[in-house]
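>
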Amino acid sequence: MRDTLKTYIICLIITCLYCSCSRKHSATSPQRATITAEFNADSAFAFLKTQVDFGPRTPGSEAHDKCVEYLATTLSRYADTVTIQRGTTTRYDGKQINISNIIASFNRNARRRVMLSAHYDSRPWADQDQDNKQWNTPIDGANDGASGVAVLLEIARQLAIKNTDYGIDIFMWDAEDCGTPQFDQQHANNDSWCLGTQYWIKNKHLRNYEAQYGILLDMVGATDAQFLMEYYSVQNASSLVNALWNTAAELGYGQRFIKRKTHPITDDHYYLNMAGIPTIDIIHYDDNGFCKQWHTTNDNISSISRETMHCVGHTVLHYLYNN
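In terms of my numbering, the sequence shown opens at residue -14 and continues consecutively.
1) Should Pro326 be labelled buried (16 or more other beta-carbon atoms within 10 Å of its own) or exposed?
2) CB-CB under 8 Å to Asp112, same chain, minus the five flanking residues each way: which ones, in chain order?
3) Going by the CB atoms, is the gap between Asn83 and Gly45 shorter than 9 Å?
4) Would you call the stretch 260 to 274 and the stretch 195 to 213 in contact, with 3 or more CB pairs under 8 Å?
5) Report the option in Cys296, Asp159, Leu236 and Ser223 whose CA atom is closest to the CA atom of Phe49.
6) Indicate whether Asp129 and Thr122 have their beta-carbon atoms separated by less than 9 Å.
7) From Asn221, Asp209 and Gly261, pick the residue whose C-alpha is nearest to that of Gln240; which is it?
8) Should Gly274 be labelled buried (16 or more other beta-carbon atoms within 10 Å of its own) or exposed?
9) Check whether the Cβ atoms of Val134 and Gln36 sit closer than 9 Å, and answer yes or no.
10) To the nearest angstrom, how far is the alpha carbon of Ala109 from that of Asn283?
11) According to DSSP, is Asn83 helix, strand or coil?
12) Assuming Ile186 is part of the alpha helix (DSSP H), what are its boundary residues?
13) Pull up the distance between the alpha-carbon of Thr43 and that of Ala18, whole angstroms please.
14) So for Ala18, helix, strand or coil by DSSP?
15) Should Gln171 be labelled buried (16 or more other beta-carbon atoms within 10 Å of its own) or exposed?
16) Following the continuous beta strand (DSSP E) through Val67, name the residue where it begins and the one where it ends.
17) Check for me: the alpha helix (DSSP H) holding Ser224 runs from which residue to which?
18) Classify Asp352 as buried or exposed, calling it buried when 16 or more other Cβ atoms lie within 10 Å of its own Cβ.
19) Using the three-state DSSP reduction, which class does Phe32 fall into: helix, strand or coil?
20) Per DSSP, what kind of secondary structure is Ile155 in: helix, strand or coil?
21) Starting from the Cα of Thr300, find the closest Cα among Trp230, Asp252 and Asn188 and give me that residue.
22) From the DSSP output, in three-state form, read off Ser11 for me.
23) Put Thr0 into one of helix, strand or coil per three-state DSSP.
24) Go through its chain and collect everything with a Cβ distance to Tyr77's Cβ below 6 Å, but skip five positions before and after it.
25) Can you pull the DSSP bridge partners for Ile200?
26) For Leu144, does the three-state DSSP call read helix, strand or coil?
27) Tell me whether Ala29, by its Cβ, gets closer than 8 Å to a heavy atom of the ligand MG.
28) So does the stretch 135 to 142 actually touch the stretch 26 to 33, counting three or more Cβ pairs closer than 8 Å?
29) Taking buried to mean at least 16 other C-beta atoms within 10 Å of its own C-beta, is Thr75 buried or exposed?
30) Gly181 and Thr264 look like a contact to me (Cβ under 8 Å); what is the Cβ gap, rounded to whole Å?
Structure below.
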């Protein structure tokens, strides 16, 4: 009985010392401070306006070529390297088109890499316009195209000021919006969308390129935009979806980022997920479908909200800095 009591007392002393040390360690261990993200909506809007001022950026047009030069030149001010991947692909109707994907790399020697992307091309047809006489009119693509690119350009500008400790690659996709128009369903082809992304997957700019995850921005500028949790995003990267939507809520943007799942959308992220890069799509799609200007001549600069772009850009940049 005496030996048992002695052993008990020794164990009690050791336990008290351990708890004391644990409390001391816990009290003195530094916690990682939250990094403040600065996102300038006026700067993003200026990036958007420059694109729209070129005119519709349809593949093969002068406006498209000017936009490629502008994006590459602008990104070269901020990134370590900028690559223009040029190639040829086939449109839904068999027409060959020249395309240019633009890739900007930050912290290029880091092994851990994250992909951010958006498409910059404009749809060649306003095939959702109420006036069928407008169906063959190329759209400005202020929201569907320029808005996602503008947000990424502002993120690039901020990364040049305050970079992350891991690598970030910004991809500007071409020919995303050349999919089969609704008035020509005899050539219907489910894979006629996202041609620039499909080309890159088969011809990566770096043979062994890998990214831990990807974030795609599409139609992130409309005044009334809301962003639901897209099906393929949740299916392939649910933890990332939850983290981004929680970040938005913490920053006060819960009215924009709605925590509810929605339908599958064929967008660049669909092909990136199939290629093994878990990618989510932050895209304007709500209970009424896509934004009301979608694939119409009304997708112009008058439909753009600085506030919406700020909500998206601030959320993404804050997440990048603190995760």
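Glycine included, each C-beta is placed from N, C-alpha and C at the ideal position.
For clarity, every value in this text was computed on a predicted model and none was experimentally measured.
Based on what the coordinates show:
1) The question about residue 326 has no answer here: the residues shown for the chain are numbered -14 through 308.
2) Closer than 8 Å at the Cβ level, and outside the excluded window around Asp112, lie Trp120, Pro166, Gln167, Phe168 and His280.
3) In this structure, Gly45 lies near Asn83, with their beta-carbon atoms less than 9 Å apart.
4) With the cut-off at 8 Å, the stretch 260 to 274 and the stretch 195 to 213 touch.
5) The sequence shown places His at residue 49, rather than the Phe named in the question. Out of Cys296, Asp159, Leu236 and Ser223, Asp159 has the C-alpha closest to the C-alpha of His49.
6) Going by C-beta atoms, Asp129 is not nearer than 9 Å to Thr122.
7) With distances taken between Cα atoms, Gln240 lies closest to Asp209.
8) So Gly274 ends up on the exposed side.
9) Contact: yes.
10) Correcting the residue identity first, residue 109 is Pro in this sequence and not Ala. For Pro109 and Asn283, the distance between alpha carbons rounds to 14 Å.
11) Of the three classes helix, strand and coil, the one that applies to Asn83 here is strand, per DSSP.
12) That run of the alpha helix (DSSP H) goes Leu180 to Lys187.
13) For Thr43 and Ala18, the distance between alpha carbons rounds to 45 Å.
14) Note: Ala18 maps to coil in three-state DSSP.
15) Taking every protein chain shown into account, the CB of Gln171 has fewer than 16 other CB atoms within 10 angstroms, so this residue is exposed.
16) From DSSP, the beta strand (DSSP E) with Val67 extends over Thr66 to Thr75.
17) Residue range Tyr216 to Glu235 is occupied by the alpha helix (DSSP H) that includes Ser224.
18) Absent from the structure is residue 352, since the part of the chain shown begins at -14 and ends at 308.
19) In the displayed model, Phe32 falls within a helix according to three-state DSSP.
20) Ile155 falls in the strand class under three-state DSSP.
21) Here the closest residue by C-alpha is Trp230.
22) Unreliable placement is indicated for Ser11, whose pLDDT of 41 sits below 50; the coordinate value is still reported in the next sentence. Helix at Ser11.
23) A caution first: Thr0 carries a pLDDT of 46, below 50, which makes its placement in the model unreliable, though a value can still be read off. Correct three-state label for Thr0: helix.
24) Excluding residues within five positions, the ones whose Cβ falls inside 6 Å are Thr165, His172, Asn174 and Ser177.
25) Looking at the DSSP assignment, Ile200 forms a beta bridge with Leu101 and Ile265.
26) For Leu144, the three-state secondary structure derived from DSSP is helix.
27) For the structure depicted, the ligand MG is absent and the ligand set is empty, with no information on it obtainable.
28) By the C-beta criterion, the stretch 135 to 142 is judged to be in contact with the stretch 26 to 33, since at least 3 inter-stretch pairs fall below 8 Å.
29) Counting the other Cβ atoms within 10 Å of the Cβ of Thr75 gives fewer than 16, which makes it exposed.
30) Between Gly181 and Thr264 a beta carbon distance of about 15 Å is seen, past the 8 Å cut, so the two are scored as non-contacting.
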